[in-house]
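Encoded as structure tokens, the structure appears first; notes follow it.
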Amino acid sequence: MVHGDRVLAAAGPGVPGGCGPVAGGAALFRVHGDNYNLTRTLFVFRTVFVKTDVDVIVTGAGPVGLALAAELALAGVSVRVLERRDVPDPATRAQSINVPTAQALARRGLLPALEEIQRETLGVPRSRFTGHFAGMSLDPDRVDWADPELAAYTAVEGARMIPQPRLEALLAAHAERLGAAVLRGVEVTSLQDTGAGVVVGTDTGPMRAGWLVGCDGGHSTVRRLAGIAFPGTDPEITGCQAIVDIADPEKLAEGWSWSPRGVYRYGPQPGRVATVEFGGGPADRTAQVTLEDVQSSLRRVSGTDVTLTSLRAAPTRWTDNARQASAYRSGRVLLAGDAAHVHPPFGGQGLNLGMGDAVNLAWKLAAVVSGRAEEALLDTYDAERRPVGAWVLDWTRAQIGVLRGDPKSGALRGVLADLLGTRDGTTYAVKQIAGVTQRLPLPGSHPWTGRYVPDVVLSDGSPLADHAHEGGFLLLDRTPGAVFAESGKGRARIVRDGGTGVAGALIRPDGVVVWASDTTDPAGLEPALRQWAGSGPLSRTS
Numbered sequence: 008m009v010h011g012d013r014v015l016a017a018a019g020p021g022v023p024g025g026c027g028p029v030a031g032g033a034a035l036f037r038v039h040g041d042n043y044n045l046t047r048t049l050f051v052f053r054t055v056f057v058k059t060d061v062d063v064i065v066t067g068a069g070p071v072g073l074a075l076a077a078e079l080a081l082a083g084v085s086v087r088v089l090e091r092r093d094v095p096d097p098a099t100r101a102q103s104i105n106v107p108t109a110q111a112l113a114r115r116g117l118l119p120a121l122e123e124i125q126r127e128t129l130g131v132p133r134s135r136f137t138g139h140f141a142g143m144s145l146d147p148d149r150v151d152w153a154d155p156e157l158a159a160y161t162a163v164e165g166a167r168m169i170p171q172p173r174l175e176a177l178l179a180a181h182a183e184r185l186g187a188a189v190l191r192g193v194e195v196t197s198l199q200d201t202g203a204g205v206v207v208g209t210d211t212g213p214m215r216a217g218w219l220v221g222c223d224g225g226h227s228t229v230r231r232l233a234g235i236a237f238p239g240t241d242p243e244i245t246g247c248q249a250i251v252d253i254a255d256p257e258k259l260a261e262g263w264s265w266s267p268r269g270v271y272r273y274g275p276q277p278g279r280v281a282t283v284e285f286g287g288g289p290a291d292r293t294a295q296v297t298l299e300d301v302q303s304s305l306r307r308v309s310g311t312d313v314t315l316t317s318l319r320a321a322p323t324r325w326t327d328n329a330r331q332a333s334a335y336r337s338g339r340v341l342l343a344g345d346a347a348h349v350h351p352p353f354g355g356q357g358l359n360l361g362m363g364d365a366v367n368l369a370w371k372l373a374a375v376v377s378g379r380a381e382e383a384l385l386d387t388y389d390a391e392r393r394p395v396g397a398w399v400l401d402w403t404r405a406q407i408g409v410l411r412g413d414p415k416s417g418a419l420r421g422v423l424a425d426l427l428g429t430r431d432g433t434t435y436a437v438k439q440i441a442g443v444t445q446r447l448p449l450p451g452s453h454p455w456t457g458r459y460v461p462d463v464v465l466s467d468g469s470p471l472a473d474h475a476h477e478g479g480f481l482l483l484d485r486t487p488g489a490v491f492a493e494s495g496k497g498r499a500r501i502v503r504d505g506g507t508g509v510a511g512a513l514i515r516p517d518g519v520v521v522w523a524s525d526t527t528d529p530a531g532l533e534p535a536l537r538q539w540a541g542s543g544p545l546s547r548t549s
């Protein structure tokens with residue numbers, strides 16, 4: 008900061024996209040030769056400020072990074088996404104969409120587009136999506152769909168599966184429409200956390216931001232450069248999946264099949280195959296998977312001479328490597344998605360876990376960037392998301408234990424098959440996969456508190472999610488005379504409704520209910536507003 012004279016240190020409040028703080032401590036003064044003259048106002052503070060290019064840099068343009076960038080941009084935060092690949096990855100990996108992810112897309116008006124993509128790629132589903140546990144299919148006719156935790160979420164009946172490249176394209180367009188910049192072909196090479204900002208070195212030159220979020224996958228460069236440990240278990244199996252053309256598909260049984268060498272799955276999408284082989288991870292995890300690799304693996308585990316003629320989508324390789332970052336935040340560096348946790352891709356948990364990270368973190372980081380919240384709010388990101396990540400790691404590890412081809416695992420698989428053949432067993436598993444049992448330990452005894460808000464339909468027939476397209480907090484008020492509305496003015500978008508059921512609910516931007524009541528008693532609402540919503544709405548409009 009120079010005004011004709013050399014300035015030793017400058018002080019003052021940070022301005023998004025303008026000045027951001029770096030480590031140090033000083034007062035603002037000028038130097039005239041050897042004479043030190045104080046300016047009229049002396050600012051005593053803990054940090055020195057340097058110019059920043061953007062509020063937040065996100066590394067990785069996968070679904071998690073793009074969703075995070077979109078949420079930040081919606082909240083008025085300047086954000087830049089750096090992706091090392093020149094073009095989007097065409098490989099088909101994650102496909103399953105659970106209830107919290109479907110809700111997140113619905114809140115931003117994206118669910119209809121996603122469902123249309125599903126119809127284009129998979130056709131009209133023959134039944135509700137239920138998934139599997141360790142290759143044991145979960146029969147939708149055996150699920151108790153009247154179970155309160157399932158019945159509360161109509162999204163269970165909505166979007167089910169979408170190829171990841173199509174989801175990425177949808178989210179990229181959404182993020183850029185909101186003002187996020189997505190830069191491809193840019194690789195992060197270094198980072199410096201100054202204590203009040205981040206300098207990110209790239210192969211195109213340095214960039215400066217207030218915050219850096221690593222969404223750059225299981226081999227995260229950001230995690231490594233930040234020195235965040237990644238403990239866990241080493242791989243014992245190798246899996247691959249692809250969408251192929253098959254000369255003789257009659258040689259493969261549909262669904263999951265076991266053999267002494269491993270497991271394979273054929274379907275449900277035409278040409279979709281997946282294999283699991285025991286005996287450790289691949290010699291080279293970075294090697295490109297070829298058509299010949301997929302065919303050889305499929306022949307080994309199926310015991311057939313099936314012939315694959317071409318690839319319709321880029322194949323992927325994976326292992327049962329299961330790890331979780333020792334911290335989701337280190338100073339001004341945060342992690343989300345596979346950068347924070349990796350695990351086998353069973354049950355479609357990986358994409359959904361990462362999307363949950365993105366929507367949980369985005370509004371909190373936006374609140375801190377805007378000055379509406381202290382940095383301590385970011386501590387709740389680790390506290391809320393780490394237990395969910397740990398549970399998913401154990402859920403997928405359990406399936407690996409059942410999948411193995413040894414006699415003990417086979418016996419265990421038989422017992423579990425009996426349990427999953429019951430109404431209660433199938434319902435339990437489907438609820439876990441659907442994500443409807445997640446609950447944060449928040450104050451309050453109401454059944455909604457700490458959960459993702461149920462799919463409320465208002466008295467005019469519109470879903471509550473339609474009122475969340477602009478982001479920010481929602482305050483549902485169904486009381487005569489709008490008893491709760493006055494408290495929420497300026498801090499939440501008020502949704503008045505004459506319907507029955509819950510009298511009022513305060514809903515965070517990530518869909519989590521932090522206060523709810525069945526009566527007109529506003530007790531607890533004001534503390535919840537102060538704790539979570541701060542001094543104003545965290546969105547472009549109020």
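Be aware that the sequence shown starts at 8, since it is given in the numbering used here, and climbs by one per residue.
Positions of the beta carbon are idealized from the N, C-alpha and C atoms, including for glycine.
I think residue i touches residue j, with their Cβ atoms under 8 Å apart; what is that distance to the nearest whole Å?
i: leucine 372; j: tryptophan 218; result: 6 Å
i: leucine 75; j: alanine 249; result: Not a contact, Cβ separation roughly 29 Å.
i: leucine 481; j: glycine 506; result: At roughly 15 Å, the Cβ-Cβ gap does not stay under 8 Å, so leucine 481 and glycine 506 are not in contact.
i: glycine 204; j: threonine 66; result: The Cβ separation is near 16 Å, so there is no contact.
i: threonine 314; j: aspartate 255; result: 6 Å
i: glycine 457; j: leucine 449; result: 4 Å
i: valine 563; j: threonine 137; result: In the structure as shown, the chain begins at 8 and stops at 549. Residue 563 is therefore absent and cannot be evaluated.
i: valine 460; j: leucine 471; result: 7 Å
i: glycine 97; j: proline 213; result: This sequence places proline at residue 97; glycine is not what is there. No, proline 97 and proline 213 are not in contact; Cβ-Cβ is about 31 Å, not under 8 Å.
i: valine 195; j: valine 206; result: That pair is no contact at about 11 Å.
i: valine 63; j: valine 86; result: 5 Å
i: alanine 61; j: alanine 216; result: It is valine, not alanine, that sits at residue 61 in the sequence shown. That belief holds up - the Cβ atoms of valine 61 and alanine 216 are roughly 5 Å apart, short of 8 Å.
i: arginine 272; j: glycine 262; result: 7 Å
First and last residue of the beta strand (DSSP E) that includes residue i?
i: alanine 512; result: 511 to 514
i: alanine 321; result: 315 to 326
i: isoleucine 64; result: 61 to 66
i: glutamate 284; result: 279 to 285
i: glycine 468; result: Segment: none, glycine 468 is in no beta strand (DSSP E) and carries neither H nor E.
i: alanine 523; result: 520 to 524
i: arginine 330; result: 329 to 331
In whole angstroms, what separates the C-alpha of residue i from that of residue j?
i: proline 107; j: glycine 363; result: 7 Å
i: methionine 143; j: alanine 179; result: 35 Å
i: glycine 224; j: valine 519; result: 26 Å
i: asparagine 359; j: serine 317; result: 30 Å
i: leucine 118; j: glutamate 78; result: 15 Å
i: proline 516; j: aspartate 462; result: 15 Å
i: serine 469; j: alanine 540; result: 25 Å
i: histidine 139; j: arginine 498; result: 42 Å
i: valine 280; j: alanine 109; result: 25 Å
i: tryptophan 522; j: glycine 412; result: 48 Å
i: asparagine 328; j: glutamate 90; result: 24 Å
i: tyrosine 388; j: proline 394; result: 11 Å
i: glycine 234; j: leucine 157; result: 41 Å
i: tryptophan 325; j: tryptophan 370; result: 32 Å
i: tyrosine 435; j: serine 197; result: 45 Å
i: threonine 46; j: proline 238; result: Any answer about threonine 46 is weak, because its pLDDT of 29 lies below 50 and its placement is not dependable; what the coordinates show is given next. When rounded, the distance between both Cα atoms is 52 Å.
i: alanine 535; j: alanine 159; result: 23 Å
Bridge partners for residue i per DSSP, in chain order?
i: aspartate 252; result: Ser317
i: threonine 507; result: According to DSSP, threonine 507 bridges with nothing at all.
i: valine 308; result: DSSP lists no partner for valine 308.
i: histidine 139; result: Ser144
i: histidine 181; result: Looking at the DSSP assignment, histidine 181 forms no beta bridge with any residue, so it has no partner.
i: valine 189; result: Val88
Drop a sphere of 10 angstroms on the beta-carbon of residue i, count the other beta-carbons inside from all chains shown, and report buried for 16 or more, exposed for fewer.
i: glycine 69; result: buried
i: histidine 350; result: buried
i: arginine 485; result: buried
i: serine 524; result: buried
i: alanine 530; result: exposed
i: alanine 397; result: exposed
i: proline 322; result: buried
i: serine 266; result: exposed
i: aspartate 425; result: exposed
i: histidine 181; result: buried
i: histidine 348; result: buried
i: serine 452; result: exposed
i: glutamate 127; result: exposed
i: glutamate 533; result: exposed
List the endpoints of the continuous alpha helix (DSSP H) containing residue i.
i: isoleucine 407; result: 386 to 410
i: alanine 374; result: 356 to 377
i: glutamine 125; result: 118 to 129
i: valine 435; result: The sequence as given places tyrosine at residue 435; valine does not occur at that position. Unbroken alpha helix (DSSP H) run through tyrosine 435: 430 to 441.
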